[in-house]
Structures are given as structure tokens and as C-alpha cells.
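Here the sequence shown is numbered in my numbering, starting from 239 and rising by one per residue. Even glycine gets a Cβ: it sits at the ideal position worked out from N, Cα and C. Since the structure comes first, as C-alpha cells, the remarks are kept for the end.
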Amino acid sequence: MTDHLISLDYFLRAWVVTHRVHALDGVMWTLSAVGRGGLVWLLIGAGLAVWGRLRWRDFARLVLAVLMAALVANQILKPAIQRERPFVGRPEVPVIGGLPSDESFPSGHAANAFASAFVLARMLPGGCVFWWLLAFATAYSRVYLGVHYPSDVIGGGLVGVACAALALRVTRQYDADARVRPPG
Numbered sequence: 239m240t241d242h243l244i245s246l247d248y249f250l251r252a253w254v255v256t257h258r259v260h261a262l263d264g265v266m267w268t269l270s271a272v273g274r275g276g277l278v279w280l281l282i283g284a285g286l287a288v289w290g291r292l293r294w295r296d297f298a299r300l301v302l303a304v305l306m307a308a309l310v311a312n313q314i315l316k317p318a319i320q321r322e323r324p325f326v327g328r329p330e331v332p333v334i335g336g337l338p339s340d341e342s343f344p345s346g347h348a349a350n351a352f353a354s355a356f357v358l359a360r361m362l363p364g365g366c367v368f369w370w371l372l373a374f375a376t377a378y379s380r381v382y383l384g385v386h387y388p389s390d391v392i393g394g395g396l397v398g399v400a401c402a403a404l405a406l407r408v409t410r411q412y413d414a415d416a417r418v419r420p421p422g
């Protein structure tokens, strides 16, 4: 079963890379570049808070979700799993942009994007479709550029959603506890 999943992963990555629309190379590179470290999501959240579209408390939830997703994906899971990038040892694998030096699974970009989309979709349901499309586009860009396998971005997306759900649960519980606790 595992061999079939790995074969499917290789096949899907190869299909995406060989069916690139080169007019989109710059767009995909930009999506990937601005998604690095979750900074763009935090800037979006801060901008929404400054303009009064997002409460500062909800912005704090976004920050917590992104930090948790980055920690779990990049500092815990990647070193533990140590999956090589698709291009490592394979000069025939075409890559657009730089060659990341860290491990491949799970995708930190996808983890941050999906954590952010989850929080923003919950806090601003009117933009729900936009947040999820942006997260999916960011994740897809990583496969398109040749730096991740599809399972890397799926795993990253799941990590992001799980971290965001936990962040919302913890902060909402904290809010509830603060309301019931008498002052002083």
C-alpha cells in the first residue's frame, strides 16, 4: 500500500511539473515567496485589524495559529521525518526558483497558509472562499515549483488546520475562563 502511495505522489508531482503553464511561473513563485514563514498572512491579519475588519483578539488567534503551525511543521515534523525534497539527487527534476535546504514533509508554507485560512474563515466568514483559495494556491505553488510532493502540501495543510483548530479552542477557553473568573 505504501509503495502505491509513494508512486502516486511521484506521478502527481511529475504531472504538475510537466504540465506547467509557463505564463504562471512568476505568479506561482510570488505566491510561494510571500507565503514563506507565514509573514504575508500576519500582514494581512494586521491590516484587517488596523482597518477594523478583524478584532485584535482574533489577530492574536491568527498569530498563535501560524506560530504553532510553523513550530510543528518546521521544527518538529520535518526533522523527525527527514523526507528529502523531490530534486535531491535528481538533476532531471526541474525547479523554479531557489532550492530549499530543509526537509520536505510537511510543507511549512501549506501549514501556515491553511492555519491562516482556517482562522480567517472562522473570524471573517464573508471572505471564506477567498482565504481557502489563497491557501490552496499557495500549497499548489510549492508542487508547481518542484520543491514539494503533493503529500507534503496535504500533510502541511492538515497540520495547519489542526494547529488552528487547537489555537481557537485554547483561546476561546481562555476567553470563557476570563469571563467567569471574578476580578482580583
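Which listed residue (the options) has its alpha carbon closest to that of residue i
{"i": "S345", "options": "A298, G398 and G365", "result": "G398"}
{"i": "R380", "options": "L246, F356, V357 and L337", "result": "L337"}
{"i": "G335", "options": "H257, I314, D263 and V408", "result": "D263"}
{"i": "T409", "options": "D241, L250, M306 and G285", "result": "M306"}
{"i": "F325", "options": "L315, D340 and K316", "result": "D340"}
{"i": "L371", "options": "A400, Q313 and G395", "result": "G395"}
{"i": "G365", "options": "Q320, R295, Q313 and L286", "result": "L286"}
{"i": "T268", "options": "L243, Y248 and H347", "result": "H347"}
{"i": "G393", "options": "W253, F343, Y378 and R407", "result": "F343"}
{"i": "W279", "options": "V357, R407, P329 and C401", "result": "V357"}
{"i": "L277", "options": "V301, H257, V288 and W294", "result": "V301"}
{"i": "V391", "options": "W253, A311, A284 and P329", "result": "A311"}
Own chain, CB closer than 6 Å to residue i, minus 5 neighbours either side, in chain order
{"i": "A373", "result": "A351, F352 and A355"}
Beta-carbon contacts of residue i that lie in its chain and below 8 Å, excluding the five residues immediately before and after
{"i": "V255", "result": "V331, P332, V381, Y382 and G384"}
{"i": "Q320", "result": "E341"}
{"i": "A308", "result": "G275, G276, G346, A349 and N350"}
Distance between residue j and residue i (C-alpha atoms, nearest Å)
{"i": "R291", "j": "R360", "result": "13 Å"}
{"i": "L246", "j": "V367", "result": "28 Å"}
{"i": "G327", "j": "P388", "result": "19 Å"}
{"i": "F297", "j": "W369", "result": "15 Å"}
{"i": "T376", "j": "L281", "result": "16 Å"}
{"i": "E322", "j": "A303", "result": "26 Å"}
{"i": "R258", "j": "H242", "result": "24 Å"}
{"i": "I244", "j": "W294", "result": "43 Å"}
{"i": "C480", "j": "Q411", "result": "Nothing can be reported for residue 480, as the shown portion of the chain is limited to 239 through 422."}
{"i": "W289", "j": "A318", "result": "41 Å"}
Residue i beta carbon near the ligand NAP (any heavy atom closer than 7 Å)
{"i": "H347", "result": "Judged by which ligands are present, the structure shown has none, so any question about the ligand NAP falls away."}
Assumed close pair residue i, residue j - CB separation to whole angstroms, cut-off 8 Å
{"i": "A405", "j": "R299", "result": "6 Å"}
Cβ-based neighbour list, residue i, same chain, cut-off 7 Å, excluding 5 preceding and 5 following
{"i": "R407", "result": "none"}
{"i": "A251", "result": "Correcting the residue identity first, residue 251 is Arg in this sequence and not Ala. Counting only Cβ-Cβ distances below 7 Å, and skipping sequence neighbours, we find P324, V381, Y387 and P388."}
- Would you be able to state if there are at least three C-beta pairs under 8 Å between the segment 258-277 and the segment 348-365? yes
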